[in-house]
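Participant:
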Ligand SMILES: NC(=O)c1ccc[n+]([C@@H]2O[C@H](COP(=O)([O-])OP(=O)(O)OC[C@H]3O[C@@H](n4cnc5c(N)ncnc54)[C@H](O)[C@@H]3O)[C@@H](O)[C@H]2O)c1
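Residue numbers (the working numbering): 971 to 1247.
1) In the DSSP assignment, find the beta strand (DSSP E) that holds residue 1006 and state where it starts and stops.
2) Helix, strand or coil for residue 1237 per DSSP?
3) Rounding to the nearest angstrom, what Cα-Cα distance links residue 1144 and residue 1123 in this structure?
4) Between residue 1229 and ligand 1, is there a pair consisting of the residue's CB and a ligand heavy atom that are separated by less than 7 Å?
5) Within the stretch 1053 to 1115, note down every full beta strand (DSSP E) run reaching 3 residues or more, in order along the chain.
6) Report the partner residues of residue 980 according to the DSSP bridge assignment.
7) Does DSSP put residue 1117 in a helix, in a strand, or in coil?
8) How about residue 977 and residue 1068: do their beta carbons lie closer than 8 Å?
9) Just curious, the alpha helix (DSSP H) that residue 1198 is in, first and last residue?
10) According to the Cβ coordinates, are residue 1091 and residue 1014 closer than 8 Å?
11) Note down the Cα distance separating residue 1258 from residue 1233, rounded to an integer number of angstroms.
12) Grab the span of the alpha helix (DSSP H) containing residue 1165 for me, first residue to last.
13) Excluding the five sequence neighbours on either side, which residues of its own chain have a C-beta within less than 6 Å of the C-beta of residue 1141, listed in chain order?
14) Taking 8 Å as the cut-off, decide whether the C-beta atoms of residue 921 and residue 1025 are in contact.
15) Three-state secondary structure (DSSP) at residue 1150?
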């Protein structure tokens, strides 16, 4: 029997990257899956986001595991839109047991050069969108007195990062929100945890804008150019990990058995936090 057999999981940002990996990992352990993604770009985000074709590919991959998959594009910043996804998911599968609020964006800029739109979009997606996703599903979980809520923060939510103040602020915010909600619902059968990955091998890292952030001294840095700079950022000397590695942590707290873990931050950190408390 799979770790989440008979459960239903909602995964945001599931067109690609970690969201897709989480959807597939949960399906492989017996859950039916509801996937959503913006499937459009955001003007202040300096790289392309997931597409409708990629979201459809995630659906096909989930269905290939033998599990059911419902897909509906939505912007997590849109209260009505994410509400419709939750409604459709409950209508289709009767319940939502697991919420993986994973969708997010990044970007960079010197503190004084972050304009209002760039700051606001980052907070709107990474913090407020995560809040709206969880808020949309919470009443249903409270009614059923069961829930596993998992929000994606980042190791950037555990420390400071130069040129990423807006992203760092949003990801610290996710942790504060998770811990507060965990206390509110502690005696209601619902756990709430945050996942804090270090560098993960996804399109969020692998784009010209991020390469330039890590190699400001180069004109047109490549994946090969950034590799040693990422390797230098953690104890393992590994540039980045596969999304599936993060999915294992998600699965751990998504399981029925993880009823004692709540309000926690699960770091998948490549050892980058080994020297801290
Ligand atoms: N890649 C990393 O190194 C890394 C490290 C730590 C944390 N994270 C976090 O992990 C999560 C997943 O990122 P990823 O690495 O898979 O990157 P990714 O860019 O491949 O995936 C993010 C997905 O979220 C979707 N999305 C963005 N804004 C959205 C919105 N407003 N509404 C709905 N969907 C939206 C995108 O379209 C994309 O498909 C993010 O929250 C990110 O901040 C990433």
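Just so you know, even glycine gets a beta-carbon here, dropped at the ideal spot from N, CA and C.
Facilitator: Concretely, from the data shown:
1) 1002 to 1006
2) strand
3) 6 Å
4) no
5) 1068 to 1071
6) 1004, 1069
7) strand
8) yes
9) 1193 to 1201
10) yes
11) What is shown of the chain runs 971 to 1247, which leaves residue 1258 out entirely.
12) First-last for residue 1165: 1160 to 1167, but that is the beta strand (DSSP E), not the alpha helix (DSSP H).
13) 1123, 1124, 1126, 1127
14) Any answer about residue 921 is impossible in this case: the structure gives the chain only from 971 up to 1247.
15) helix
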